[in-house]
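Counting the sequence shown from 1 gives a position; the working numbering is that position plus 736.
C-beta: ideal position from N, C-alpha, C; glycine also.
The structure appears right after this line, and notes come after that.
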Amino acid sequence: MRSTRDLLRRRLHLVRQRAELLSHILNTNSQCNLPDFGGRINYKVNRQGVADRFTDASVRKSIETDLRLLEHYDELITELELYIVRTAKLHDSDTFHRLRSIPGVGKILAMTILYEVHDIARFPRVQEFCSYSRLVKCSRESAGKRQGFGGSKIGNVHLKWAFSEAAVSFLSKCADGRALVERLRRKHGKGKALSILAHKLGRAVDYMMAREKTFDMQRFASC
């Protein structure tokens with residue numbers, strides 16, 4: 737599974753490079769004081785005529801280069817995703833589908849969690865799993881006294897990203913989740929509420945993987 741995990745990380749690297757190309761096009765359009773695009777250019781169907789709006793020949797050539805690279809990245813990323821999904825279903829199809837029972841968790845997030853965790857038995861306690869996933873702050877203590885927090889880069893950055901993305905997606909797909917976060921927001925503020933939600937999702941994933949359970953919204957909201 738490690739080789740597939742590395743391939744999944746490679747896919748994320750390509751996605752970020754693709755995002756840089758999209759940002760360059762959007763920033764160039766803004767710098768040239770041109771009107772916004774009619775649709776989101778991350779979709780190929782909305783890229784028709786994008787380069788033609790730039791009158792400067794060098795700028796137009798730069799945008800054409802970006803667009804050609806985007807098309808190439810689209811093909812590579814799609815091919816990688818199809819391959820990894822098929823591989824995930826061969827390695828641990830049951831866990832893959834259980835993770836997808838969480839509202840907002842699609843194929844990529846489920847695969848990221850599956851391959852970055854690998855074996856949930858590595859973590860005897862849920863606290864250790866959340867710490868590894870960077871969902872809690874590491875406290876510094878001396879002589880029994882807390883000296884603040886540190887170690888923000890200890891743990892798995894890919895799991896931190898996955899649970900942060902899952903928290904945002906969870907809100908868009910689950911009305912009960914939005915109600916829960918609203919209660920947390922009133923008590924802790926918006927930013928802290930999302931962090932708490934990501935932490936709760938991490939705890940839920942630990943429970944689901946360790947006990948081979950699907951997501952239970954009623955249990956999740958009550959914990």
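Ranking R939, L933, Q753 by CA distance to the CA of V853 puts R939 first. K949 carries a coil assignment under DSSP once its states are collapsed to helix, strand and coil. Nearest neighbour of L812 by Cα position, chosen from F906, A898, R746, C910, turns out to be R746. Taking the C-beta atoms as reference points, I820 is found no nearer than 8 Å to T950.
The C-alpha of K923 lies about 19 Å from the C-alpha of V904. Pairing K928 with L748, the inter-Cα distance amounts to about 26 Å.
Secondary structure in the stretch 821-867: no beta strand (DSSP E) run of 3 residues or longer lies completely within the stretch. Per DSSP, D912 is one residue of the alpha helix (DSSP H) stretching across 911-924. Distances from the CA of D788 to each of Y809, N778, I761 were compared; the closest alpha carbon is that of I761.
The C-alpha of M944 is placed about 8 Å away from the C-alpha of R834.
Taking the Cβ atoms as the reference, V841 lies roughly 5 Å from A902, within the contact range of under 8 Å.
Counting of Cβ neighbours within 10 angstroms places R804 among the exposed residues, the total staying below 16. Cα atoms of L916 and A898: separation of roughly 20 Å, rounded to the nearest angstrom. For L920, same chain residues with a beta-carbon under 8 Å away, outside a window of 5 residues either side, are K928, A929, I932, L933 in chain order.
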